[in-house]
Each structure stands twice: as C-alpha cells, then as structure tokens.
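Here is the structure we will look at.
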Amino acid sequence: MVEQFELIKKRTAEIVPEEELKEKLKKGRPLRVKLGMDASGPDIHLGFAVVLRKLRQFQDLGHTAILIVGDFTAKIGDPSGRSKTRPQLTDEEVKKNMEWYRELIFKILRVDRGEFVYNSHWLSKLTAEGVVQLSAKYTVARMLERDDFKKRFKDRNPIAIHEFLYPLFQAYDSVVVR
C-alpha cells in the first residue's frame, strides 16, 4: 500500500492527516473518499477538475468516490470568501445546475466506482429541534474565527443567521455519509 500512498501523494499539496491515510491504506480495504460541492451555479469551477481528477485516481486504485451534491446547501449559498450574503437560489435553479454537474462530473469520474448523493435527502428532513441540537455544538465565537465571517464582522457587514448554518450542514453531511 506504500505504492498507493505515493501515487496519491503525487501532485498533492497536503494530506491531512497523512498518517491516518497511510494506516487506512495498509488495511487493504477500499476507501470511501468524499467530496462535497454545491450546485450553486451553472458552471463547475476549473479548480474542481483538479479535485475530480484526484478522486478518479482513488477510483483507479480500487476505491469509491462519493460525491456529496449540496442541493440543499446551494440554496443557502457558501459564505466562504464572500464579503456579502449570496442571493438564495430557487429549487428550479439548483435542479438545473445539478443536472449539468452530473453530466460533467461523470466525464471524469467512473460511474461504476462512484456514488452521487444529495444532501437534501437528510437536511430537508432535519427538524427545528435537530437544527437546534446541531447548532448547540458550535458557538458564534467559533464561527467568527473563520476569515470570511471575521472580516465581515470587523467591517460591520451583515452576516445572516442562515450563513452560520452552512458550515454546520457541511459538517453534518460528512457525518451522515459514511
């Protein structure tokens, strides 16, 4: 499995945590490698092609690529690097974007070694009580440690409550998708 690790590491800026990946590869069982992306626009950013090619490399080594499509979180809008709140998308806009994404993504990834899951399947079922329980695990102080929120707060630019939910829902995606 040293060979697999070296192949995976090639052209990779950083693996976090590196030792954990080595240990998992040593076990010789296929890994489930996850990538989340929102269907927030009609185009896929070129940077995603790089990540998708790395996922394809995992697939070629016998692992499974799980693509978590943020159809629910796309309606919130990723606040990362934003100086203001993104406009919210309609269900129809997100659906149209998702169809295009799927077509593009499977030009790079292997369908037979991939899963395409939508975070609306679990997030739309989350009750108000569930949202309160999830949000109780984090603090506003912790959210303001993020560079984007920190800058907006410092500059007195508004931060909507739903934007704080975005990173919580992303974390929840990783818990739900095993």
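Residue numbers for the sequence shown follow our numbering, beginning at 18 and rising by one.
From the three backbone atoms N, C-alpha and C, an ideal C-beta is built for every residue, glycine too.
Source: prediction; values computed, not measured.
Tell me the rounded alpha-carbon separation between Glu35 and Glu23.
11 Å
Which of the three DSSP states is assigned to Ile85 in this structure?
strand
Rounded to a whole number of angstroms, what is the C-alpha to C-alpha distance between Ile178 and Lys124?
37 Å
Secondary structure, alpha helix (DSSP H): runs of 4+ residues fully inside the stretch 126-167:
137-140, 145-152 and 157-160
7 Å Cβ shell around Met61 - same chain, five flanking residues per side excluded
For the record, residue 61 in the displayed sequence is Ile; it is not Met. Only Tyr118 and Leu121 meet the Cβ criterion.
Measuring only the C-alpha atoms, how far is Gln150 from Glu20?
43 Å
Report yes if the CB atom of Asp190 is closer than 9 Å to the CB atom of Asn136, and no otherwise.
yes
With which residues is Asp60 paired in a DSSP beta bridge?
In DSSP, Asp60 forms no bridge with anything.
Rounded C-alpha distance that separates Ala153 from Ile32:
30 Å
Just the Cα atoms here: how many angstroms apart are Gly147 and Phe166?
24 Å
Sort Arg130, Asp108, Phe65 and Val128 by Cα distance to Ser141 and report the nearest one.
Asp108
Secondary structure of Lys44, DSSP reduced to three states:
coil
Identify whether Met54 lies in helix, strand or coil by the three-state DSSP scheme.
strand
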